[in-house]
Amino acid sequence: MLPLMSGDFSSIDYGPVPPNLQAMALSLLISQEPPDEKAGRLKAIIASTRDQADPFSTLLAATDGPNVVGAGWGQRLPGQTALIWPPRVIDDRFEELTDRLQEELDIELAAKGVQIAQTLLPNIEDADARRLIRCGYEHAADLLYLVSVVGRERAEDSSGELDFEPFREDQRLRLEGLVERTYVGSLDVPALDGKRDINDVLDGYQQTGEFAPERWLFVRANGKDVGCLLLADHPELQQCELVYMGIVPEARGNGFGADVTAHAQTLARRARRERLVLAVDASNDPAIVAYVEAGFVEWFRRAVLLKSFSSAANLPEA
Numbered sequence: 047m048l049p050l051m052s053g054d055f056s057s058i059d060y061g062p063v064p065p066n067l068q069a070m071a072l073s074l075l076i077s078q079e080p081p082d083e084k085a086g087r088l089k090a091i092i093a094s095t096r097d098q099a100d101p102f103s104t105l106l107a108a109t110d111g112p113n114v115v116g117a118g119w120g121q122r123l124p125g126q127t128a129l130i131w132p133p134r135v136i137d138d139r140f141e142e143l144t145d146r147l148q149e150e151l152d153i154e155l156a157a158k159g160v161q162i163a164q165t166l167l168p169n170i171e172d173a174d175a176r177r178l179i180r181c182g183y184e185h186a187a188d189l190l191y192l193v194s195v196v197g198r199e200r201a202e203d204s205s206g207e208l209d210f211e212p213f214r215e216d217q218r219l220r221l222e223g224l225v226e227r228t229y230v231g232s233l234d235v236p237a238l239d240g241k242r243d244i245n246d247v248l249d250g251y252q253q254t255g256e257f258a259p260e261r262w263l264f265v266r267a268n269g270k271d272v273g274c275l276l277l278a279d280h281p282e283l284q285q286c287e288l289v290y291m292g293i294v295p296e297a298r299g300n301g302f303g304a305d306v307t308a309h310a311q312t313l314a315r316r317a318r319r320e321r322l323v324l325a326v327d328a329s330n331d332p333a334i335v336a337y338v339e340a341g342f343v344e345w346f347r348r349a350v351l352l353k354s355f356s357s358a359a360n361l362p363e364a
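So this is what it looks like as structure tokens:
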């Protein structure tokens, strides 16, 4: 358990935010955003949850009577995952509540079947990062976000050695097996290895941006599956996202990765998008070099912190 707080907070209650206070709690969560971005951020949050059932059941508050003095949210996502919005309090007097809020939030997420909770922060020295580490989160990786401006890419389209076959829903098992094979020996976020069921992983990929089966492709060479390319569309941002690309171990070293990347750039251009974006583990030097050679440039970086609730040893104490 976390150490007891030094202040007298005996009057503080913790629990789900009632509907009439949800807007207040969400405003508190984005209180550190630039002032001119807060309204748009709040609208985007509400829009992103519009089609979800009970999206705010894991929006928790610390209340002192009728007053919300702190809030934290584990936004549940497909694939038994959750995105952590680190706790915020109304002022420094209540800073000690944040650890307790995070602990309560983790208990709630585990009770609702979440297996992996994660968040992206500016860097590992961030105050939120230090708090999450105190609460049992691990620094899993640093992600490097790259962008390729459509029309300025350096690579040509595929050399012709590869075929790209669109995914169909009745080929789910084929894709699951293929993606798992591409994970073998991967240098991207190895801390996640074995912590998620492949079906949950694909559910998460499918909920990224706008999904369309024709943007999920089996990569084939000589009549065999050698990899996959999963793209998502973000029309409101005028960009496509390379959600996942992988090559099976036995087919690596043939330049297929460069060909697949070039094909992704071509598809973004055909879709008339301005950018193709992706995230890669900042320690995955071979992939970064390949992307830079294909015309990608650094956009920004984030530290990934995560906590697994998939085993009894990692479940928060009730």
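FYI, my numbering numbers position 40 of the sequence shown as 86, with every residue one higher than the one before it. Beta carbons are placed, not taken as given, at the ideal position from N, Cα and C, and that holds for glycine. These numbers come from a predicted model, not from an experiment.
- The three-state secondary structure of Y251, taken from DSSP, is helix.
- Assignment of I334 by DSSP, reduced to helix, strand and coil, places it in the helix class.
- Taking C-alpha positions only, G273 is separated from F264 by approximately 6 Å.
- Following the DSSP letters along the chain, one finds E184 in no alpha helix (DSSP H) but inside the beta strand (DSSP E) bounded by residues 184-195.
- In this structure, the beta-carbon distance from G116 to A128 does not fall below 7 Å.
- Three or more beta-carbon pairs separated by less than 8 Å are not found between the stretch 154-174 and the stretch 273-292, which leaves the two stretches without contact.
- Boundaries of the beta strand (DSSP E) around E344: 343-354.
- Of the residues assessed, F346 falls on the exposed side of the cut-off, its CB having fewer than 16 other CB atoms within 10 angstroms.
- In this structure, R261 lies away from E211, with their beta-carbon atoms at least 7 Å apart.
- In this structure, G197 sits away from P295, with a CB-CB distance that is not shorter than 7 Å.
- Contact between C181 and E149 holds: their C-beta atoms lie close to 6 Å from each other, under 8 Å.
- Here the stretch 250-259 makes contact with the stretch 270-284; the two share three or more CB pairs at distances below 8 Å.
- If you look at D152, you'll find it in the alpha helix (DSSP H) that goes 143-157.
- Going by beta carbons, D243 and P124 fall outside the 7 Å limit.
- Taking 8 Å as the upper bound for CB-CB distance, E184 and L75 are not in contact here, some 23 Å apart.
- Per the Cβ contact rule, the stretch 81-99 is not in contact with the stretch 211-229 (fewer than 3 Cβ pairs under 8 Å).
- When the alpha-carbon of L166 is set against those of G301, A325, G341, the nearest one is in A325.
- Sequence-distant partners of D271 (beyond 5 residues in either direction) whose C-beta falls short of 6 Å from its own C-beta, in its chain, are L224, F264.
- Around the C-beta of G269, fewer than 16 other C-beta atoms lie within 10 Å, and the residue is accordingly described as exposed.
- Scanning I130, D59, F55, S57 for the CA closest to the CA of L72 turns up I130.
- Separation of L151 and Q285 (C-alpha to C-alpha, rounded to the nearest whole angstrom) is 33 Å.
- Within the model, the alpha-carbon separation for T228 versus Y60 is close to 43 Å.
- In the structure shown, Q126 adopts coil according to DSSP, grouped into three states.
- Spatial neighbours of G111 in its own chain (CB-CB distance under 8 Å, excluding positions within 5 residues in sequence) are listed in chain order as S57.
- Taking C-beta atoms as the reference points, R348 and V193 fail to come closer than 7 Å.
- Under DSSP, the beta-bridge partners assigned to G116 are A108, V135.
- Bridge pairing for E256: D279 [DSSP].
- The beta-carbon separation of P133 and G118, rounded to 4 Å, stays under the 8 Å limit for a contact.
- Under the three-state reduction of DSSP output, R177 falls in the helix class.
- Take the alpha-carbon of D305 and the one of D145: they are about 47 Å apart.
- Beta-bridge analysis with DSSP links M70 to no other residue.
- Look at A267 here: in three-state DSSP terms it is strand.
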